[in-house]
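Take 166 as the starting number for the sequence shown in my numbering and just add one per residue. A virtual CB, placed ideally from N, CA and C, is assigned to each residue, including glycine. All values reported here derive from a predicted model rather than from experimental measurement.
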Amino acid sequence: NYLGILVLKFGLNEMVKFTGKISRNMLPVLMKRASVGIVIYSNKGLNNKLCTPNKIYEYAQVGLAVVTSNQTPLKRMIFENPIGENFNPNDYLSIKNAICKVLSNLEYYKSFLPQFIEKNSWFLEKTKLINSYKDLENK
């Protein structure tokens, strides 16, 4: 297992755990044990370049600051809501620096989570979606 070898090589076996497949109900329980949520997407492909993964919202719901790759929507999200940092997914030092920066200022980033969660609530998103459909109907 390549990732397992890397964990051992860099002495991260006390910080990185591989669980294998787990049930969806167990995800929040395990995520709450983490210090930071990490979202890594390559910058290849239109879908990856334009995505805003649900995992960011899941991390926020359980109280985790995040580090994300630097796609345009994710950079904008972090700029507007300082709940974490971005990194270049092709540069391991960039990833490491982003994680270290968030970990060293964890309470600062976490302090923005309530506003982020409120701003991105399903109620508000539902309203936007319904209004979009109504706009289409009226065209």
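- Could you check where the alpha helix (DSSP H) with Ala263 kicks off and where it finishes? Segment 257-269, the alpha helix (DSSP H) holding Ala263.
- Task: Consult DSSP for Val181 and reduce its assignment to one of helix, strand or coil.
- Result: Val181: coil per DSSP, three-state reduction.
- Terminal residues of the continuous beta strand (DSSP E) containing Ser234? Start and end: 230-234.
- Item | Separation of Ala230 from Leu271, as counted between CA atoms | If you take the alpha carbons of Leu271 and Ala230, they lie about 7 Å apart.
- Query: Cβ of Glu250 within 9 Å of Cβ of Thr233?
  - Reply: With contacts defined by Cβ atoms closer than 9 Å, Glu250 and Thr233 form a contacting pair.
- Query: Three or more beta-carbon pairs under 8 Å between the stretch 184-202 and the stretch 211-228, yes or no?
  - Reply: Contact between the stretch 184-202 and the stretch 211-228 is present, because at least three Cβ pairs lie under 8 Å.
- Compute the Euclidean distance between the alpha carbons of Val267 and Asn303, then round it to the nearest angstrom. Rounded to whole angstroms, the separation of the alpha carbons of Asn303 and Val267 is 46 Å.
- Per DSSP, Ile203 forms a beta bridge with which residues? Note: Ile203 sits in a beta bridge opposite Val232.
- Just how far apart, CA to CA, sit Pro218 and Asn235? Cα-Cα distance, rounded: 12 Å.
- Boundaries of the beta strand (DSSP E) in which Phe252 is found, first to last residue: Counting along the chain, the beta strand (DSSP E) containing Phe252 begins and ends at 249-252.
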